[in-house]
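J.: The listed protein sequences derive, respectively, from chains A and B.
With the numbering used here applied, the first sequence corresponds to residues 1 to 227, in that order.
With the numbering used here applied, the second sequence corresponds to residues 1 to 227, in that order.
Positions of the beta carbon are idealized from the N, C-alpha and C atoms, including for glycine.
2 protein chains.
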Amino acid sequence: MKRVKVSNNVIRRLPRYLRKLDELNENGVSRISSKELGEQLGLTPSQIRQDFSNFGEFGQQGYGYNVPALRAEIAGILGMERGFRAILVGVGNIGHALMDNFSFSDCGVELVAAFDVKESLIGTEFKSVPIYAGSRLESYLRENDVDIAVLAVPKEAAIRVTKILTENGIEAIWNFTNIELTEPNSPTIVENIHFSDSLLSMCYYVAERMDEHAAKAARAERTEQQD
Amino acid sequence: MKRVKVSNNVIRRLPRYLRKLDELNENGVSRISSKELGEQLGLTPSQIRQDFSNFGEFGQQGYGYNVPALRAEIAGILGMERGFRAILVGVGNIGHALMDNFSFSDCGVELVAAFDVKESLIGTEFKSVPIYAGSRLESYLRENDVDIAVLAVPKEAAIRVTKILTENGIEAIWNFTNIELTEPNSPTIVENIHFSDSLLSMCYYVAERMDEHAAKAARAERTEQQD
């Protein structure tokens, strides 16, 4: 596939398209217009056409999009058929929640091993994924082909473990610690899950709405007093 | 506070500024230039000045930013001092991980109650947060002042619980289910944590890098053959 540099905002929308197309598929919808797709996603039709135009021509004038075909295209763009292999480092609450509830395979990623320092976990398996001692991480990475590391260790261990990962060929880290892992311009691909960033952004919108309500109430009161 | 509509991208950067300022504070840095702050965050100084200009004048020409003062301004903008109250619905792995590891109070949010249907959890407390029966959710919302609901129920329950929440005064949902909760144009503020979106976006970048490596290798081979 020929690659052009696509803006991060477009990349962030691709998984949303994928989810919507899966939903349409499930509901037996095999064809959809960019207008209808836009309405369901809160995007304009021209935005949608522009997003897809980064990767080729997927729709047909007057016909719209073939849902399964478009789904397959987007899955391909996201690398879902490349068989990426991932390890999980840290099997605490969040690591455990990921192993238990998150479907790596739905993303085309195979979770091949997990690592922890807790004696009671080492040597066990969870949903067919072996859990090894943290001390084996380095040798495991040297002996196995791994694309992605899921980092779910405690804060204190984040930097040390990241060093082991990057020095042993890991290029991409899915980061569940609340630590900024890399310097700007570092070659490592880091995708942060910062729960607090998400909650705080939402709090902004809650505060904004409250202020709007308060301003509206104040205006109504002023109007009443003038009457 | 007078509010102007600020772009979502700016709102998304505010928590990152906050984290960086906390880190600077911890390291005893009390003053920083927009140039230095930009370098540490991978942003341009003009981007940073522009972001802050949405909310007022925080820096001083030739002096830079006072770190604690800027931190306080941003915390105020994010509504961290408003005492938002949250409930958690669903105390499974992810709900449990949030109660155990996520510091709501660091975001200025108080987690006041949790709800689950599991008999063994109902009536217990976890880190001083009471866990009530799911059937009590509706009456609890009617009797208590709650701003935010954290939704961590299984997929099947997501829509049903959302209906109870929105019909009983919840305006903001922090959504950990992999379900799109609202219609476009719904008044409910929904902040989604879609783990798969995050992983898939990262996979895109991994695939992109692999393609770049492959293209580079192919070019090198062609060059060699020509020699």
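1. Please state whether DSSP places G64/B in a helix, a strand or coil.
2. When the Cα of M210/B is compared with those of I148/A, L37/A, R16/A and S103/A, which residue comes out closest?
3. Looking at C-alpha atoms only, which residue of A218/B, V117/B, I159/B and S30/B is the closest neighbour of A72/B?
4. Is the CB of M1/B under 8 Å away from at least one CB in chain A?
5. Taking only beta-carbon atoms, is I77/A less than 8 Å away from chain B?
6. Just tell me which of V6/B, G90/B, N8/B and P15/B has its CA closest to the CA of P180/A.
7. Who are the near neighbours of E24/B in its chain, counting only those whose CB is closer than 7 Å to its CB and skipping five residues on each side?
8. Mind pulling the chain A residues with CB within less than 9 Å of Y17/B?
9. Using a beta-carbon distance cut-off of less than 8 Å, what residues from the stretch 140-168 of chain A approach chain E?
10. Name the two residues that bound the continuous alpha helix (DSSP H) containing P268/A.
11. Are three or more beta carbon pairs between the stretch 75-93 of chain A and the stretch 148-159 of chain A nearer than 8 Å?
12. Checking contacts by CB at 8 Å: is E224/A closer than that to chain B?
13. Cβ atoms of L78/B and L243/A: under 8 Å apart, would you say?
14. By DSSP's criteria, L151/A is part of a beta bridge. Which residues make up the other side?
15. Quick one: give me the first and last residue of the alpha helix (DSSP H) that D22/A is part of.
16. Leaving out the 5 sequence neighbours to the left and right, which residues in its chain are closer than 8 Å to A75/B when beta-carbon positions are compared?
17. DSSP puts R31/B in a beta bridge; with which residues?
18. List the residues of chain A that L14/B touches, going by C-beta distances under 8 Å, in chain order.
19. Grab the span of the alpha helix (DSSP H) containing L137/A for me, first residue to last.
20. Mind checking if R85/B is an interface residue toward chain A, Cβ cutoff 8 Å exclusive?
21. Run down chain A in chain order and give the residues with a C-beta less than 7 Å from the C-beta of F55/B.
22. Keeping to the same chain, check which residues put their C-beta closer than 7 Å to that of L41/B; ignore five residues upstream and five downstream.
23. Going straight from the alpha carbon of K35/A to that of L111/B, what length do you get?
24. What does D100/B touch in chain A if you count any residue whose Cβ is under 8 Å from its own?
25. Output needed for I189/A: all residues of its chain with C-beta closer than 8 Å, excluding positions within five of it in sequence on either side, in chain order.
26. Could you give the residue range of the alpha helix (DSSP H) that holds E110/B?
27. Just to confirm the assignment, what range does the alpha helix (DSSP H) spanning V206/B have?
28. Just to check my reading of the structure: F104/A and A86/A have Cβ atoms closer than 8 Å, yes? What is that Cβ distance to the nearest angstrom?
29. When DSSP builds the beta bridges, which residues end up paired with P45/A?
30. Starting from V129/B, follow the beta strand (DSSP E) in both directions and report where the run begins and ends.
31. Check the C-beta distance from M99/B over to F126/B and give it rounded, since I have them as a contact under 8 Å.
32. Could you give the distance in angstroms between the alpha-carbon of N178/A and the alpha-carbon of S196/A?
33. With DSSP as the reference, identify every bridge partner of E156/B, one or two as the case may be.
34. Quick check on V161/B: does DSSP put it in helix, strand or coil?
35. By how many angstroms is the C-alpha of N168/B removed from the C-alpha of V6/A?
36. Whole angstroms is fine: what's the gap from R222/A's alpha carbon to E212/A's?
T.: If we stick to the structure as given:
1. In this structure, G64/B counts as strand in the three-state DSSP scheme.
2. I148/A
3. It is S30/B.
4. Legend: pLDDT at M1/B = 48, less than 50; position of this residue unreliable, value from coordinates given subsequently. So, interface residue.
5. yes
6. Note on identity: in this sequence residue 180/A is Glu, with Pro being the wrong assignment. Measuring from the Cα of E180/A, the nearest candidate turns out to be P15/B.
7. Reading the sequence as shown, one finds Leu at residue 24/B and not Glu. For L24/B, where only same-chain residues beyond five positions count, the Cβ hits under 7 Å are I32 and V67.
8. Residues of chain A passing the Cβ test: none, with the nearest at roughly 10 Å.
9. In the structure shown, chain E does not exist; the protein chains are A and B.
10. The requested residue 268/A is not part of the displayed model; chain A covers only 1 to 227.
11. Per the Cβ contact rule, the stretch 75-93 of chain A is in contact with the stretch 148-159 of chain A (3 or more Cβ pairs under 8 Å).
12. So, not an interface residue.
13. Outside the shown range of chain A (1 to 227) lies residue 243/A, about which nothing can therefore be said.
14. V89/A and N175/A
15. It spans N8 to E26 - the alpha helix (DSSP H) in which D22/A sits, taken as one unbroken run.
16. Take A75/B, set aside five residues on each side of it, and the residues of its chain with a beta-carbon closer than 8 Å to its own are L18, E81 and G108, in chain order.
17. Note: R31/B sits in a beta bridge opposite N66/B.
18. What L14/B touches in chain A: L200, S201 and Y204.
19. Looking at the DSSP string, the run of the alpha helix (DSSP H) that includes L137/A is L137 to E143.
20. So, not an interface residue.
21. Here the premise fails: no neighbours, minimum Cβ distance about 11 Å.
22. R16 and K20
23. Spanning the two alpha carbons is a distance of roughly 41 Å.
24. N93
25. Answer for I189/A: E171, A172 and I173, listed in chain order.
26. From DSSP, E110/B is part of no alpha helix (DSSP H) but of the beta strand (DSSP E) over V109 to D116.
27. F195 to Q226
28. The pair is a contact, with the Cβ atoms about 6 Å apart (cut-off 8 Å).
29. DSSP, once it has assigned bridges, lists no residue as partnering P45/A.
30. V129 to A133
31. 5 Å
32. 8 Å
33. E156/B is not bridged to any residue.
34. helix
35. 42 Å
36. Rounded to the nearest angstrom, the gap between the Cα atoms of R222/A and E212/A is 15 Å.
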